[in-house]
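Just add 298 to wherever you are in the sequence shown, counting from 1, and you've got our numbering. Backbone N, C-alpha and C fix where the C-beta goes; we use that ideal spot for every residue, glycine too. Okay, so here's the structure we're looking at.
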Amino acid sequence: TTYNTVHVDFVNPDGVWVLSEGCKVSNVRIEAESDGIGVFGIGTTLTSSGDDVTIEGCVFDCGAYFTSSYFIKLCEVAFAGASISNLIVKDNNVTAGTSFIAYGSVGYDFFNFNICNNVVEITDVAAATYAIILWANTTGTGIMISNNTFIGPFGVYLRNFTGCDVSHNAFVLGVANVATSVFGISAHTVTKSIISYNTFRERTGNTAVDLTGIRTQALTDFNISHNTIKEVQQGIYDAASTASSYVTIASNIIEAIDNGAGAGGVGIFTYCNNLIISNNQIYA
299 TTYNTVHVDF VNPDGVWVLS EGCKVSNVRI EAESDGIGVF GIGTTLTSSG
349 DDVTIEGCVF DCGAYFTSSY FIKLCEVAFA GASISNLIVK DNNVTAGTSF
399 IAYGSVGYDF FNFNICNNVV EITDVAAATY AIILWANTTG TGIMISNNTF
449 IGPFGVYLRN FTGCDVSHNA FVLGVANVAT SVFGISAHTV TKSIISYNTF
499 RERTGNTAVD LTGIRTQALT DFNISHNTIK EVQQGIYDAA STASSYVTIA
549 SNIIEAIDNG AGAGGVGIFT YCNNLIISNN QIYA
């Protein structure tokens with residue numbers, strides 16, 4: 299692949315490139331030359347429209363300038379009733395300090411995202427942030443996150459969605475110099491969705507108090523299956539402030555390790571109505 303290389307030292311909270319409806323960016327190499335670099339902005343103070351955007355085959359390397367750097371930021375400022383639809387983010391290789399896909403304000407709904415085949419490393423391992431944060435204002439649908447590799451403090455956070463599929467991803471988790479809890483996938487108020495065929499393991503040098511593969515809360519009609527979760531303290535953990543219902547946890551392989559600090563050694567911990575747990579292999 300032939301790349302056009304861009305060196306960036308301009309800091310803008312909206313992102314250096316603000317992408318409006320129908321924009322497509324392919325095969326660009328971006329190298330940061332300053333802290334705080336945000337590459338792409340969608341749904342910002344400059345434009346509330348960001349439908350049908352594609353970002354593919356790009357390389358972003360924050361290098362030594364990892365502080366507050368990110369690849370994509372959604373909705374820097376809330377617009378009442380706004381939404382972003384049909385976003386494709388695929389085949390990118392990203393080394394960012396803080397986030398791969400971040401959001402600025404809870405005010406948007408998100409529909410039909412395809413985030414696939416990306417390799418992502420978050421290098422500010424003391425920042426304790428998710429590689430992807432998608433928090434819909436009221437509801438979002440059709441989020442597919444598949445065949446990605448996430449190396450960093452946290453993995454994927456989803457909230458207020460229906461019809462999500464997070465499958466076939468690899469998560470290498472952990473922080474450094476911070477005593478905190480780390481989650482691979484966190485799903486909050488998500489319905490009719492699936493988390494399957496993902497792998498989770500600990501990152502070298504991790505200092506987290508405990509690692510959790512999948513953290514859940516207030517799920518409905520949800521399937522968690524065929525995941526391999528190793529080198530963690532908690533495999534699948536429900537936060538329990540609002541009980542989930544109609545959840546299936548099946549055919550997962552979980553190795554939960556007691557870290558000796560009062561956390562861990564728990565394969566599955568859940569508060570759920572109408573729960574099915576079957577054919578899991580749990581070593582704790």
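Using the Cα positions of residue i and residue j, report the straight-line distance between them to the nearest angstrom.
i	j	result
TYR363	ASP312	18 Å
ILE555	ALA330	39 Å
VAL306	ASN475	29 Å
GLU419	HIS466	17 Å
PHE520	PHE408	19 Å
ILE552	ALA582	8 Å
ILE430	ASN577	30 Å
ARG501	TYR455	19 Å
PHE411	ILE386	6 Å
LEU317	ASP359	20 Å
GLU319	CYS373	14 Å
ASN415	THR393	15 Å
SER484	SER367	22 Å
VAL423	PHE498	17 Å
Using a 10 Å radius around the Cβ and a threshold of 16 neighbouring Cβ atoms, would you call residue i buried or exposed?
i	result
TYR406	buried
TYR428	buried
TYR301	exposed
LYS371	buried
ALA477	exposed
GLN579	exposed
TYR401	buried
SER324	exposed
GLY450	buried
ASN572	exposed
THR436	exposed
SER539	exposed
Tell me whether the beta-carbon of residue i lies closer than 9 Å to the beta-carbon of residue j.
i	j	result
TYR535	THR514	yes
ASN458	VAL488	yes
ILE575	ILE547	yes
ARG327	VAL309	no
LYS246	THR365	No statement about residue 246 is possible, as the shown extent of the chain runs from 299 to 582 and does not include it.
ALA506	ALA541	no
Hey, would you say the C-beta of residue i is under 8 Å away from at least one heavy atom of the ligand PLP?
i	result
ASN577	This structure simply doesn't include the ligand PLP, nor any ligand for that matter.
Is the number of C-beta pairs between the region 435-442 and the region 469-476 that are closer than 8 Å three or more?
-> They do not touch, by the three-pair rule.
Enumerate, from N- to C-terminal direction, the unbroken beta strand (DSSP E) stretches of 3 or more residues contained entirely within the region 475-502.
-> 479-494 and 497-500
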